[in-house]
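Residue numbers (this note's numbering): 218 to 541.
Heads up, the beta-carbon is just placed ideally off N, CA and C, and yes, glycines get one too.
On a predicted model such as this, the values are computed, not experimentally measured, just so you know.
Notes to accompany the following structure.
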Amino acid sequence: MLKTIAAFGFGTTLMFSSAAALAQQKWDMPTGYPTSNFHTANIQLFAKDVEKATGGKLMLTIHDGGSLFKANEIKRAVQGGQAQIGEIIISGYSNENPVFGVDSIPFLATSYGESEKLWKATKSATEAHLAKQGLKVLYAVPWPPQGIFSAKPINSAADLKGAKWRAYNPNTSRIAQLVGAQPVTVQAAELTQALATGTVNTFMTSGATGYDSKVWEQVKYYYDVSAWLPKNLVIVSKKAFDGLDKPTQDALLKAAAEAEARGLKISQEKNTWYLEQLAKNGMKIEKGSPQLQADLKKVGEQMIADWVKQAGPDGQAMLDAYRK
Ligand code: PCA
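Laid out in C-alpha cells, this is it:
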C-alpha cells in the first residue's frame, strides 16, 4: 500500500514536471514596420521556423506596423516585460548610448560590405549595453542604403534649408539641424499620413520605406546617395529567454541565425527592385550632384567627429577596428 502511494506520488510529480516542460509559450512580438516590408516578411518566416523547430512549444504572435507598441516604444516594452520579443531600429536609441547610433552616421559605412564590417567592430559593445538592460540580441538585418527623398529638386545642401524634414532617429534629426532644415520625428508607420498632410516634404530613408509608404504621391525626387545602412535588431527579454528549456533556446538561436543570413540577402536583392518601383511610379531617381554629395560628406565628417567625442576612447577603438 505504502509502496503504491509512493509510486503514485512519484508518478504525479513526473506527470506535472513533464507537463510544465511541454507547456506551450506564446510570445508577443511587436514590430514597427508594415506587413509588406521585407523585415516583416523575414520575421514571419522566423516565427514559422521557431514554431516548427520547437514542435509548437514556442509560438510568436507578430504585431507589425506599430500595432501593439509604436516603433519607438518597442525597446522599452521588451525591457519592461510587456512583450517578450520585438524588433527595433537600434539607431533610434542613440540618445541612450552613442554606440547605438554608429550605423547611422552619414558616409561612415555606405555599402553592405562596409555595414557588415562596422557591425563586427561594434557588435559586442552593442550587445553588452543591451545585456545591461536585460536584453539579448537574436539577430540583426540592415536596411538598404539611405538616400534623400524630396518634393522639389535638390542640387546642394543649401536647397534643404527650411525643408520640413522627417527624422526617424536622433542622427536624422541632427542632419536636419546641420543643413538648416526643420526636423520632425515621424515613425515609418505614420510617414504616408505625414506626407499627405504636408507635415513633412523631405527625408532620408531607403527605397524600401519609400515603396512601403507609396511616397511618390507627394514626393517626386530620390537622390540615391547611399549615405548609411541602419540596422534592425530582433531582441528578446533575457528573463523570457532564460525561462525556456535548453532545446527551445537552441531552436530559437538557430532560427535567428538563419533569419539574419536570409534578411541580409533579401535586403541586398530587393534594393534595386525598390528603386525600380519608385521610377515606375513616376519618381526621378538620380545619384545626386557632386555639390550635394560634397555637402553631405561634410555633414558626415562633422557627425563622425561629434560621435568620437561622445563615445570616447572605446568608440575610437571601434572606429579604428572598423577602418583597419
Ligand atoms: N526605413 C526606416 C528606417 C530606415 C529605413 O530605410 C524608416 O524610414 O523609418
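Nearest-angstrom Cα distance between residue i and residue j?
i: residue 461; j: residue 275; result: 9 Å
i: residue 287; j: residue 413; result: 20 Å
i: residue 337; j: residue 541; result: 12 Å
i: residue 508; j: residue 382; result: 20 Å
i: residue 392; j: residue 516; result: 7 Å
i: residue 270; j: residue 533; result: 41 Å
i: residue 499; j: residue 428; result: 12 Å
i: residue 377; j: residue 513; result: 11 Å
i: residue 447; j: residue 464; result: 32 Å
i: residue 473; j: residue 375; result: 44 Å
i: residue 240; j: residue 267; result: 15 Å
i: residue 302; j: residue 449; result: 13 Å
i: residue 502; j: residue 282; result: 27 Å
i: residue 328; j: residue 466; result: 33 Å
i: residue 421; j: residue 339; result: 23 Å
i: residue 368; j: residue 436; result: 4 Å
i: residue 423; j: residue 245; result: 27 Å
i: residue 477; j: residue 263; result: 9 Å
i: residue 311; j: residue 535; result: 16 Å
i: residue 504; j: residue 243; result: 46 Å
i: residue 346; j: residue 359; result: 20 Å
Starting from residue i, trace the alpha helix (DSSP H) in both directions and tell me its first and last residue.
i: residue 488; result: 463-497
i: residue 539; result: 507-540
i: residue 289; result: Premise fails: residue 289 is in no alpha helix (DSSP H) and is neither H nor E.
i: residue 326; result: Looking at the DSSP string, residue 326 is not in any alpha helix (DSSP H), and its letter there is neither H nor E.
i: residue 259; result: 255-270
i: residue 411; result: 408-413
If you follow the beta strand (DSSP E) that residue i is in, where does it begin and where does it stop?
i: residue 304; result: 302-306
i: residue 245; result: 242-247
i: residue 279; result: 275-280
i: residue 365; result: 364-367
i: residue 420; result: 419-422
What does the Cβ neighbour count give for residue i, buried or exposed, with the cut at 16 atoms within 10 Å?
i: residue 330; result: exposed
i: residue 164; result: The first residue shown for the chain is 218 and the last is 541, placing residue 164 beyond what the model contains.
i: residue 353; result: buried
i: residue 443; result: buried
i: residue 259; result: buried
i: residue 490; result: exposed
i: residue 290; result: buried
i: residue 456; result: exposed
i: residue 372; result: exposed
i: residue 343; result: buried
i: residue 459; result: exposed
i: residue 530; result: exposed
i: residue 158; result: Nothing can be reported for residue 158: it is not among the residues displayed for the chain, which extend from 218 to 541.
i: residue 404; result: buried
i: residue 236; result: Caution applies to residue 236, whose pLDDT of 47 falls short of 50 and renders its modelled position unreliable; the value that the coordinates give is listed next. Residue 236 should be labelled exposed.
i: residue 341; result: exposed
i: residue 410; result: exposed
i: residue 527; result: exposed
Based on the DSSP output, what are the partners of residue i in its beta bridges?
i: residue 452; result: 303, 354
i: residue 384; result: 402
i: residue 503; result: 440
i: residue 447; result: Per DSSP, none; premise fails for residue 447.
i: residue 359; result: 448
Can we count residue i as close to ligand 1, meaning its CB is less than 7 Å from some heavy atom?
i: residue 414; result: no
i: residue 423; result: yes
i: residue 260; result: no
i: residue 435; result: no
i: residue 306; result: yes
i: residue 405; result: yes
i: residue 385; result: yes
i: residue 447; result: yes
i: residue 402; result: no
i: residue 360; result: yes
i: residue 363; result: yes
i: residue 465; result: no
i: residue 278; result: no
i: residue 426; result: yes
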